[in-house]
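Following: one structure in structure tokens, then a few remarks.
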Amino acid sequence: MKRLKLNTKKELTDTSWENNLFNIIKKHKINFLPYVPDAGHAKLISLSEKDNFIKPIVLTTEEEGIAFSSGAWLGGKKSVLLMQSSGVGNCINMLSILSNCNFPFVTLITMRGEFGEFNSWQVPMGQATQTCLESMGVVVHRASNSTEVENFTDAALYSAFSSDQQIAVLLSQKLIGRKEW
Amino acid sequence: MVKNKIYLKRRDIVSQIVAYRGNAKIISGLGSPTYDVYNAGDNDSNFYLWGAMGGTAMIGLGVAMANPNLPVIVITGDGEMLMGIGSLATIGVQQPKNLAIITLNNGYYGETGMQKSHTSFGVELNKIAEASNFKKSFLINTNNDFNNLLNYIPPKNGPIFGNIIIDPQNPLRSLPILDGVELKNRFRKSVGLKVL
Chain A
69 MKRLKLNTKK ELTDTSWENN LFNIIKKHKI NFLPYVPDAG HAKLISLSEK DNFIKPIVLT
129 TEEEGIAFSS GAWLGGKKSV LLMQSSGVGN CINMLSILSN CNFPFVTLIT MRGEFGEFNS
189 WQVPMGQATQ TCLESMGVVV HRASNSTEVE NFTDAALYSA FSSDQQIAVL LSQKLIGRKE
249 W
Chain B
2 MVKNKIYLKR RDIVSQIVAY RGNAKIISGL GSPTYDVYNA GDNDSNFYLW GAMGGTAMIG
62 LGVAMANPNL PVIVITGDGE MLMGIGSLAT IGVQQPKNLA IITLNNGYYG ETGMQKSHTS
122 FGVELNKIAE ASNFKKSFLI NTNNDFNNLL NYIPPKNGPI FGNIIIDPQN PLRSLPILDG
182 VELKNRFRKS VGLKVL
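Chains as they are written, first to last, in the numbering used here: chain A, 69 to 249; chain B, 2 to 197.
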């Protein structure tokens, strides 16, 4: 899916966060990127496909990624789950394993249904995303610009894997641009 | 199902798999499979699920991919496997050699009052695994079939799938600890990892 950048003049050209995000993930020695794709994650997925250390894992549904991340940690490896906001609803019961076992968990979620969304079918889940995560005990950081997405992801990875925390970073639709129809 | 058929018994099956496990890690799905694995002997290398229905096979995949030299056996029920049926496709993509998925298929949701599951209506889990590119996928009805499966335990040339048709009768519950943090920590120690 192509996304049209319709934000500030700076953000029309500023996609540096996509590369920077990959470097942050490299810095934290993340092993696996389980994902259900979104255009906002396309760069990260394609960079990981070419990387010798980070392995992308394509999922059929997002909750597989919660279980996979937990298993990988049981075996000593780190994952970051990539999904879009619509996938959060699919994850709700599976998130219970994180609170029961206190598994470290980081997910990067590209937002739909909030800013300049054409497809109204994306709106209910997009609007409920943060509430659903918080109601299951996941800490939520909402990133609206390049600096925030880099800082929040770096902080989330540090906190999660140093002390078993569960953190979601939401990449706002303002940051990733709206989908072109 | 055939009338008067002599079904394999779940506790016998699981005890034998456990006897053949070697250094394999075992992940058990909620309900009876967790009780069966615990009943065969508690072990720090067992990770028992009490919830997160549909996630057992994917937890197994995570452990297996984190440690490609360590065999991993997932033991779960037909209902739990059906809830995470897409994970068979995900495992088929990754082709972990060290992973076996064993379903104890009684055709019922045993924990909730024995409602029939899809496998009682002709859905064949081993064919789904086969179509998902598992290296070997077995339908197991008899002791002979089961003995053949044991040749692939612990798994080395997987992914392996075993659809074991079992007696629907539920033995007495045999309950492991519920504490998820303790289950996680002891499992990680068994892999040689640090815990918080």
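Note that the Cβ used here is the ideal one computed from N, Cα and C, for glycine as well.
Straight-line gap, residue i to residue j (C-alpha atoms, nearest Å)
i	j	result
Asn107 of chain B	Glu182 of chain A	46 Å
Ile92 of chain A	Asn219 of chain A	9 Å
Glu248 of chain A	Asn134 of chain B	36 Å
His96 of chain A	Tyr226 of chain A	8 Å
Gly32 of chain B	Gly163 of chain B	18 Å
Gly181 of chain B	Ala53 of chain B	12 Å
Gly87 of chain B	Thr129 of chain A	7 Å
Gly194 of chain A	Pro156 of chain B	42 Å
Ile165 of chain A	Ile60 of chain B	11 Å
Leu150 of chain A	Glu202 of chain A	18 Å
Gln241 of chain A	Phe48 of chain B	39 Å
Leu101 of chain A	Ala90 of chain B	17 Å
Ala58 of chain B	Leu142 of chain A	14 Å
Lys137 of chain B	Ile244 of chain A	43 Å
Gln190 of chain A	Arg180 of chain A	6 Å
Arg189 of chain B	Asn171 of chain B	31 Å
Gly155 of chain A	Gly85 of chain B	15 Å
Gly108 of chain A	Thr199 of chain A	21 Å
Gly63 of chain B	Ala41 of chain B	24 Å
Leu197 of chain B	Phe171 of chain A	11 Å
Val237 of chain A	Lys10 of chain B	47 Å
Lys145 of chain A	Asn99 of chain A	6 Å
Thr221 of chain A	Asn152 of chain B	46 Å
Pro192 of chain A	Ile92 of chain B	31 Å
Arg226 of chain B	Glu183 of chain B	In this structure chain B extends from 2 to 197, so residue 226 of chain B is not present and cannot be described.
Ser167 of chain A	Met204 of chain A	8 Å
Arg157 of chain A	Ile129 of chain B	Checking the sequence, you will find Gly at residue 157 of chain A rather than Arg. Rounded to the nearest angstrom, the two C-alpha atoms are 26 Å apart.
N- and C-terminal bounds of the beta strand (DSSP E) containing residue i
i	result
Leu176 of chain A	173-178
Gln152 of chain A	149-152
Lys26 of chain B	26-29
Asn47 of chain B	47-49
Phe100 of chain A	100-103
Gly78 of chain B	73-78
Val208 of chain A	207-211
Ala101 of chain B	100-106
Gln234 of chain A	234-239
Ser138 of chain A	Counting along the chain, Ser138 of chain A falls outside any beta strand (DSSP E), though it belongs to the alpha helix (DSSP H) covering 131-142.
Partner residues on chain A for residue i, Cβ-Cβ distance less than 7 Å
i	result
Gln95 of chain B	Ile125
Phe188 of chain B	Leu142
Leu198 of chain B	In the structure displayed, chain B extends from 2 to 197; residue 198 of chain B sits before or after that span and is not available.
Val182 of chain B	Cys169, Asn170
Leu62 of chain B	Phe136, Gly139
Under 7 Å from the C-beta of residue i: neighbouring residues of chain B
i	result
Lys145 of chain A	Ala67
Ile113 of chain A	Chain B residues near Ile113 of chain A: none, gap ~14 Å exceeds 7 Å.
Proximal chain B residues relative to residue i, where beta-carbon distance stays under 9 Å
i	result
Asp119 of chain A	Neighbours of Asp119 of chain A on chain B: none; closest Cβ ~15 Å, over 9 Å.
Glu131 of chain A	Ala53, Gly55, Gly56, Met59, Gly85
Residue span of the alpha helix (DSSP H) that contains residue i, given as start and end
i	result
Pro192 of chain A	191-203
Ile113 of chain A	110-117
Thr215 of chain A	214-231
Ala90 of chain B	87-95
Gln17 of chain B	11-20
Leu166 of chain A	164-169
8 Å Cβ cut-off: residues of chain B touching residue i
i	result
Asp232 of chain A	Leu197
Val162 of chain A	For the record, residue 162 of chain A in the displayed sequence is Met; it is not Val. The answer, in chain order, is Ala53, Gly55, Gly56.
Ile177 of chain A	Near Ile177 of chain A there are no residues of chain B at all, since even the closest Cβ is about 19 Å away, more than 8 Å.
Ile235 of chain A	Neighbours of Ile235 of chain A on chain B: none; closest Cβ ~16 Å, over 8 Å.
Ile122 of chain A	Chain B residues near Ile122 of chain A: none, gap ~12 Å exceeds 8 Å.
Partner residues on chain A for residue i, Cβ-Cβ distance less than 9 Å
i	result
Lys157 of chain B	Per Cβ cutoff of 9 Å: no residues; Lys157 of chain B is ~17 Å from chain A at best.
Mind listing which residues of the segment 26-58 of chain B have their C-beta closer than 9 Å to chain A's C-betas, in chain order? Lys26, Ile28, Phe48, Leu50, Trp51, Gly52, Ala53, Met54, Gly55, Gly56, Thr57, Ala58
Against chain A, which members of the segment 72-95 of chain B pass a CB distance test of less than 8 Å? Gly85, Gly87, Ser88, Ala90, Thr91, Val94, Gln95
When you compare the segment 96-104 of chain B with the segment 153-171 of chain B, are there three or more beta-carbon pairs, one atom per stretch, that lie closer than 8 Å? yes
Can you list, in chain order, the residues of the segment 94-128 of chain B whose Cβ is nearer than 9 Å to any Cβ on chain A? Val94, Gln95
Segment contact, 8 Å Cβ cut-off, at least three pairs: the segment 208-218 of chain A with the segment 148-162 of chain A: no
For the 8 Å Cβ check, are there 3 or more pairs between the segment 138-148 of chain B and the segment 124-140 of chain A? no
Cβ contact check for the segment 68-77 of chain B and the segment 112-122 of chain B: 3 or more pairs under 8 Å: no
Members of the segment 84-112 of chain A that neighbour chain B once the beta carbon cut-off is set at 9 Å: Asn99, Phe100, Pro102
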